[in-house]
Amino acid sequence: MLAIAPLLRISVKSTNQTYAACGVPIRSQGKTITGLAGFFGVMAWVMVILRLIHRHFSTQAKLGWDDYLVGLAGLSSMAMTVPVLLAVKEGFGTDIWGLTPDQITNCLRFLYLAYPFYMTTEAFCQVSILAFYLRFMMDQKTLVFVKGLMVFVTAFGIANTFCMIFSVTPINFFWNGWKGEMVATSSIDMNLFSFVRGGIEIGLDLVILCLPLPMLAKLHMSLEKKIHIMSMFCVGFVITGVSCARLHSLVQFAKTSNPTYDNTPTIYWCAIEADLFIIVACMPSIHAVFSRMRSSSDTGNSTGYDRSDKSSYFSRSKRSENSGSNQNFGGISKSTEVNVYSTERADASDVELVDRPPYLKDFDRKTHE
Numbered sequence: 011m012l013a014i015a016p017l018l019r020i021s022v023k024s025t026n027q028t029y030a031a032c033g034v035p036i037r038s039q040g041k042t043i044t045g046l047a048g049f050f051g052v053m054a055w056v057m058v059i060l061r062l063i064h065r066h067f068s069t070q071a072k073l074g075w076d077d078y079l080v081g082l083a084g085l086s087s088m089a090m091t092v093p094v095l096l097a098v099k100e101g102f103g104t105d106i107w108g109l110t111p112d113q114i115t116n117c118l119r120f121l122y123l124a125y126p127f128y129m130t131t132e133a134f135c136q137v138s139i140l141a142f143y144l145r146f147m148m149d150q151k152t153l154v155f156v157k158g159l160m161v162f163v164t165a166f167g168i169a170n171t172f173c174m175i176f177s178v179t180p181i182n183f184f185w186n187g188w189k190g191e192m193v194a195t196s197s198i199d200m201n202l203f204s205f206v207r208g209g210i211e212i213g214l215d216l217v218i219l220c221l222p223l224p225m226l227a228k229l230h231m232s233l234e235k236k237i238h239i240m241s242m243f244c245v246g247f248v249i250t251g252v253s254c255a256r257l258h259s260l261v262q263f264a265k266t267s268n269p270t271y272d273n274t275p276t277i278y279w280c281a282i283e284a285d286l287f288i289i290v291a292c293m294p295s296i297h298a299v300f301s302r303m304r305s306s307s308d309t310g311n312s313t314g315y316d317r318s319d320k321s322s323y324f325s326r327s328k329r330s331e332n333s334g335s336n337q338n339f340g341g342i343s344k345s346t347e348v349n350v351y352s353t354e355r356a357d358a359s360d361v362e363l364v365d366r367p368p369y370l371k372d373f374d375r376k377t378h379e
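First residue of the sequence shown? That's 11 in the numbering used here, and the numbers climb one at a time after it.
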């Protein structure tokens with residue numbers, strides 16, 4: 011990414027001496043990178059942990075592929091964030107003339123480690139969201155399209171990762187080439203690669219995020235609830251805005267002679283984009299957590315039972331399941347039959363965003379056998 015000219019080492023040294031003599035202060039955006047990357051990294055991991063805990067304790071079924079993939083995305087995000095923070099510690103985000111040659115080399119080495127994990131994080135998130143769609147999409151054509159898109163996203167993610175790893179040979183030219191002491195045997199135009207890849211990623215994000223909207227629009231529910239659920243999915247479009255901001259920062263970086271400072275926006279936009287993708291992928295699960303908590307609270311307030319009774323409403327209902335009771339009112343016999351239905355399947359998932367009526371329970375069971 012940091013295509014630094016071979017003569018930069020001499021230029022950096024002379025510029026440092028000149029600016030020091032003139033009293034020009036050395037700027038640093040290190041705290042900005044650390045704050046943004048750290049904050050969104052922690053938020054992403056909190057969402058992943060909440061999702062996995064919810065899915066583990068809310069159902070007896072094993073975690074699904076979408077859960078494992080979002081877990082891998084969380085690990086990949088951590089593997090991306092740690093080298094970025096280490097690069098900042100070495101001086102990344104600071105004017106290049108304020109760094110020693112060893113610091114510049116170390117910054118480039120850490121960034122080389124971070125970039126591939128940024129790409130794998132995005133790929134894991136995209137495939138995780140598509141795998142989640144497979145849980146509730148019933149149309150056969152849509153299922154085929156989603157599976158085909160999963161194959162394409164996987165192949166595209168692998169290709170991007172290898173292109174980044176072998177963007178230049180020998181590989182150590184990425185962090186040592188700026189010294190002008192070695193020659194690259196082959197390399198790709200990283201600016202062109204970044205723009206092409208970024209454009210394709212934005213297109214994929216839009217397709218993936220728009221996929222469930224037509225189905226959600228057809229759901230039989232109140233307009234308020236429908237808008238609420240659709241808006242949750244639409245939060246993902248923020249990622250598109252972040253991707254555009256990252257591409258804009260690449261335009262600025264392509265013209266710079268101060269890469270360790272001017273490349274700062276590119277780095278923190280990459281971190282924000284990857285972590286936001288994880289957060290968006292976990293939002294349906296978090297919505298389900300709060301919906302279940304709210305539903306339990308509403309049930310407890312509306313049952314009409316004495317709150318001092320420690321037994322739950324559902325426990326009492328279970329004792330009454332399929333039981334009948336007879337009452338006499340002045341010689342008139344009244345018979346009441348109570349049937350309690352449970353819509354949570356053995357492989358219950360975040361699909362509880364959409365209420366499933368009791369009469370579909372048998373259909374769901376046959377579908378997942």
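Yeah, the Cβ is synthetic: ideal placement off N, Cα and C, and Gly gets one too.
Please read all numbers here as calculations on a predicted model, not as lab measurements.
Asked                                                                                                                                               : Found
How many angstroms separate the CA atom of L62 from the CA atom of G108?                                                                            : 45 Å
Taking DSSP as the reference, what is the three-state secondary structure of V178?                                                                  : strand
Roughly how many angstroms lie between the CA atoms of I249 and F287, to the nearest whole one?                                                     : 7 Å
From the DSSP output, in three-state form, read off S241 for me.                                                                                    : helix
Report the partner residues of S196 according to the DSSP bridge assignment.                                                                        : T179
Considering only the beta carbon of each residue, do S204 and L260 sit closer than 8 Å?                                                             : yes
Would you tell me roughly how many angstroms separate the C-alpha atoms of S177 and I198, rounded to the nearest one?                               : 6 Å
Can you give the beta carbon distance from D294 to F142, rounded, assuming they're within the 8 Å contact cut?                                      : The identity of residue 294 in the sequence shown is Pro, whereas the question assumes Asp. Their Cβ separation, rounded to whole angstroms, is 7 Å, which keeps P294 and F142 in contact under 8 Å.
Where N116 and W279 are concerned, what is the direct C-alpha to C-alpha distance, given to the nearest angstrom?                                   : 21 Å
Three-state secondary structure (DSSP) at V348?                                                                                                     : Residue placement at V348 cannot be trusted, given a pLDDT of 48 that sits under 50; what the coordinates show is reported in the next sentence. V348 falls in the strand class under three-state DSSP.
Assuming G84 and A54 make a contact with CB atoms under 8 Å, what is their CB distance in whole Å?                                                  : 6 Å
Measuring straight from C-alpha to C-alpha, what distance separates P222 and F146?                                                                  : 10 Å
For S295, which of helix, strand or coil comes out of DSSP?                                                                                         : helix
What are the complete alpha helix (DSSP H) segments, minimum 4 residues, inside the region 213–287?                                                 : 223–227, 233–244, 247–263 and 269–272
From what residue to what residue does the alpha helix (DSSP H) around D112 run?                                                                    : P111 to Y143
Near M192, which residues of its chain fall below 7 Å by C-beta distance, leaving aside the five closest residues on each side in sequence?         : F183 and N186
Keeping to the same chain, check which residues put their C-beta closer than 7 Å to that of T28; ignore five residues upstream and five downstream. : none
In the DSSP assignment, find the unbroken alpha helix (DSSP H) run with L85 in it and report its ends.                                              : W75 to E100
I'd like the list of long-range same chain contacts for T179, defined as Cβ closer than 6 Å, with 5 residues on each side in sequence excluded.     : T195 and S196
Using only the alpha-carbon positions, how far apart do S87 and R256 sit?                                                                           : 17 Å
Quick one: Cα of D215 to Cα of C32, how far?                                                                                                        : 48 Å
Rounded to whole angstroms, what's the CA-CA distance from T130 to D105? Just pull it up for me.                                                    : 30 Å
Report the CB separation of L46 from I282 in whole angstroms; it is logged as a contact under 8 Å.                                                  : 6 Å
Name, in chain order, the residues that DSSP records as bridge partners for T104.                                                                   : S38
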